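Visitor: Residue numbers (our numbering): 171 to 504. The beta carbon of each residue, even a glycine, is placed where N, CA and C say it ideally should be. Keep in mind it's a predicted model, so treat the numbers as computed, not measured.
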Amino acid sequence: MNSSSYHSLREQVEGLLTEGRQFGRRAAEWEKVETYWHVGDALTGYLGGHGGTTIGQETIRNLSRDAHLGLTTLYEILRFRRCIPTLYARTNLGWSHYRALIHLPQDRLQHYELLADDEGWTTRQLKRAIEAESDDLSDIPDLQPPETPLRARFGTPFTYRAVTDPLSADAATSLDLGFHHLWNPAGDLAGFEQVLPGDIVRVDPLARTIDLCDARQRCWTYLATVRRLIDGDTLDVNVDMGFGHCTISRLRLRGIDTAELYTQAGRQARLFVEEALADAEHILIATRRTDTYGRYLADVKYLPGSEHPDDVLTQGTYLNRQLLDEGLAQRYLG
């Protein structure tokens, strides 16, 4: 065994373990998964260049001693990396979940990985589900959530719901511009004095006029410009809420999940989005709620060379589905 290359491997693994131990207890479970995946990646790369069962066993024995990791754990880490070549964020899962998953066939591993994350299962619940299936497949329902097609949820820009402003002294009727912004048009919009809380209105921002809409009309569709691309499914944008009101927000593409940025697949997804949006001066976004991290879940359309929202809406490319179609993301129901 080459002592120099092994020394580099040992330093890399020890560095990963040290970094992983810096996180607090609450974050530790998913951080341990990421740390062990990286350890497995380093070990897989090393063994790929130093073939042979004997060398592999010797490397793992030495690494177990030097890095203070159990032999069984190291073999599980290696198996984990080989079973999951691309790691997606599954923040409801911990290392104990993956220890149960990595001994399953690949299709069942993926099935239970997604299901356990979506349902927030404990390790015990996951093991019971696996055991129930192995005992008698016919006695349990198909627990896999149905694969629903990803459908865009765009409305028409400058469409708002009228609400009562709880902070105004006279409980004035205002427009909910979204992103926690209310605006009272006062005399700025012709006909607004006839609008009641709960009405849906479409505003012509140039003529400063309004039209009442059907109550089922979708709100919260906006023109935006991209400030920064975080990864394949997360971006920071400037949002034009209308009437000179703007806000900066972080968006998470709804219904999909791209790989983590430190993986080749994650970098490929980010590069694809970067190139797709390069010539789009504006994008169209539609959003209704935030995820558990406070990011707005959004549908995004773009049309290079066009600034008019109607053109982007009717002719633009739906980015969320495009990433699925290109094989750069997988469906995510969270």
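Just the Cα atoms here: how many angstroms apart are D406 and I455?
Guide: 12 Å
Visitor: Quick check on this structure: which residue in A499, L213 and G412 has the alpha carbon closest to the alpha carbon of T229?
Guide: L213
Visitor: Helix, strand or coil: how does DSSP classify T487 here?
Guide: Here T487 sits in strand by DSSP.
Visitor: So, helix, strand or coil for G267, using DSSP?
Guide: According to the sequence provided, residue 267 is His. The question's Gly does not apply to it. Note: H267 maps to helix in three-state DSSP.
Visitor: Do the CB positions of L320 and R180 come within less than 8 Å of each other?
Guide: no
Visitor: Please state the DSSP three-state secondary structure of C416.
Guide: Note: C416 maps to strand in three-state DSSP.
Visitor: Does the segment 251–258 come into contact with the segment 426–435, if we say contact requires no fewer than three beta-carbon pairs (one atom in each stretch) closer than 8 Å?
Guide: yes
Visitor: Identify whether H351 lies in helix, strand or coil by the three-state DSSP scheme.
Guide: strand
Visitor: Suppose only complete runs of 4+ residues qualify. What are the alpha helix (DSSP H) ranges in the segment 200–248, listed by chain order?
Guide: DSSP runs (the alpha helix (DSSP H)) wholly in the segment 200–248: 223–237.
Visitor: Do you know offhand how far L382's Cα is from P355's?
Guide: Here the alpha carbon of L382 sits roughly 15 Å from the alpha carbon of P355.
Visitor: Under the assumption that M411 contacts F362 (Cβ atoms under 8 Å), give the Cβ distance between them as a whole number of angstroms.
Guide: Incorrect: roughly 17 Å between the Cβ atoms, too far for contact.
Visitor: Thinking C-alpha only, which one of D469, V371, D449 and H267 is nearest G475?
Guide: D449
Visitor: If you draw a straight line from the C-alpha of L489 to the C-alpha of T395, how long is it?
Guide: 15 Å
Visitor: Here's the rule I'm using: 16 or more other beta-carbon atoms within 10 Å means buried, otherwise exposed. How should Y392 be labelled?
Guide: buried
Visitor: From the DSSP output, read off the bridge partner residues of N408.
Guide: T395 and I418
Visitor: I'd like the list of long-range same chain contacts for V209, defined as Cβ closer than 6 Å, with 5 residues on each side in sequence excluded.
Guide: V183, L186 and I247
Visitor: Looking only at its chain, what residues have a beta carbon closer than 8 Å to the beta carbon of A332, apart from the 5 residues adjacent to it on each side?
Guide: T343, S344, L345, D346, V365, L366, P367, G368, D369, I370 and V371
Visitor: Can you confirm whether the segment 287–302 touches the segment 467–474 when touching is taken to mean that 3 or more C-beta pairs between the two stretches lie within less than 8 Å?
Guide: With the cut-off at 8 Å, the segment 467–474 and the segment 287–302 do not touch.
Visitor: Quick check on G497: buried or exposed, where buried means 16 or more other Cβ atoms within 10 Å of its Cβ?
Guide: exposed
Visitor: Quick one: using the 10 Å Cβ neighbour count with 16 as the cut-off for buried, is S174 buried or exposed?
Guide: Exposed, because fewer than 16 other Cβ atoms sit within 10 Å of the Cβ of S174.
Visitor: So what's Q387 in DSSP terms, helix, strand or just coil?
Guide: coil
Visitor: When we look at the beta-carbon of S178 and count the other beta-carbons within 10 Å, is it buried (16 or more) or exposed?
Guide: exposed
Visitor: Can a CB atom of chain B be found closer than 8 Å to the CB of E451?
Guide: Going by chain labels, chain B is absent from the structure shown, which holds only one protein chain.
Visitor: Using the three-state DSSP reduction, which class does S174 fall into: helix, strand or coil?
Guide: helix
Visitor: If we count the other Cβ atoms within 10 Å of its Cβ and call it buried at 16 or more, is P275 buried or exposed?
Guide: exposed
Visitor: Can you give the Cα-Cα distance for Y176 and L423, rounded to whole angstroms?
Guide: 41 Å
Visitor: Can V373 and L359 be called in contact, C-beta distance under 8 Å?
Guide: yes
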